[in-house]
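What follows is one structure encoded as structure tokens, with my remarks underneath.
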Amino acid sequence: MYIMASPTGTIYIGVTNNLLKRTWQHKMNLSDGFTKKYNCSKLIYYEEYNDINEAIRREKQLKNWSRYKKEKLIKIQNPGWLDLIKEPNLER
Numbered sequence: 001m002y003i004m005a006s007p008t009g010t011i012y013i014g015v016t017n018n019l020l021k022r023t024w025q026h027k028m029n030l031s032d033g034f035t036k037k038y039n040c041s042k043l044i045y046y047e048e049y050n051d052i053n054e055a056i057r058r059e060k061q062l063k064n065w066s067r068y069k070k071e072k073l074i075k076i077q078n079p080g081w082l083d084l085i086k087e088p089n090l091e092r
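Residues in the sequence shown are numbered from 1 upward in steps of one, following my numbering.
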């Protein structure tokens, strides 16, 4: 489960089984949709799960949270909303 942000603070919550690849896709605007429309290209938060169903449950939970609650969660791990993956290295 991961959270991307735009330069203006719009956030997107998603789930993937390959965070580096998915982050790169968002950064390169390879998928049409919300992240491309709002330029959500900065990875600001993520959680790792071994079970995809747990990750999906967490994604749905966060999507139902208020913006304030989401911001509090992000600030615990990343107070400056820094990009956690500047240039993904997909060779790993």
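Glycine residues also receive a C-beta, built at the ideal position from the N, C-alpha and C atoms.
The structure presented is a predicted model; accordingly, all values stated were derived computationally and were not measured.
| Query | Result |
| --- | --- |
| Please classify R67 as buried or exposed, where buried requires at least 16 other C-beta atoms within 10 Å of its C-beta. | exposed |
| Measure the alpha-carbon distance for F34 versus Y12 and round it to whole angstroms. | 8 angstroms |
| By a C-beta neighbour count over all protein chains shown, 10 Å radius and 16 as the cutoff for buried, is L30 buried or exposed? | exposed |
| Rounded to a whole number of angstroms, what is the C-alpha to C-alpha distance between L43 and I3? | 6 angstroms |
| If you reduce the DSSP assignment to three classes, tell me which class L43 lands in. | strand |
| According to the neighbour-count rule (16 or more other Cβ atoms, all chains shown, within 10 Å of its Cβ), is G14 buried or exposed? | buried |
| Keeping to the same chain, check which residues put their C-beta closer than 6 angstroms to that of I85; ignore five residues upstream and five downstream. | T23 and L43 |
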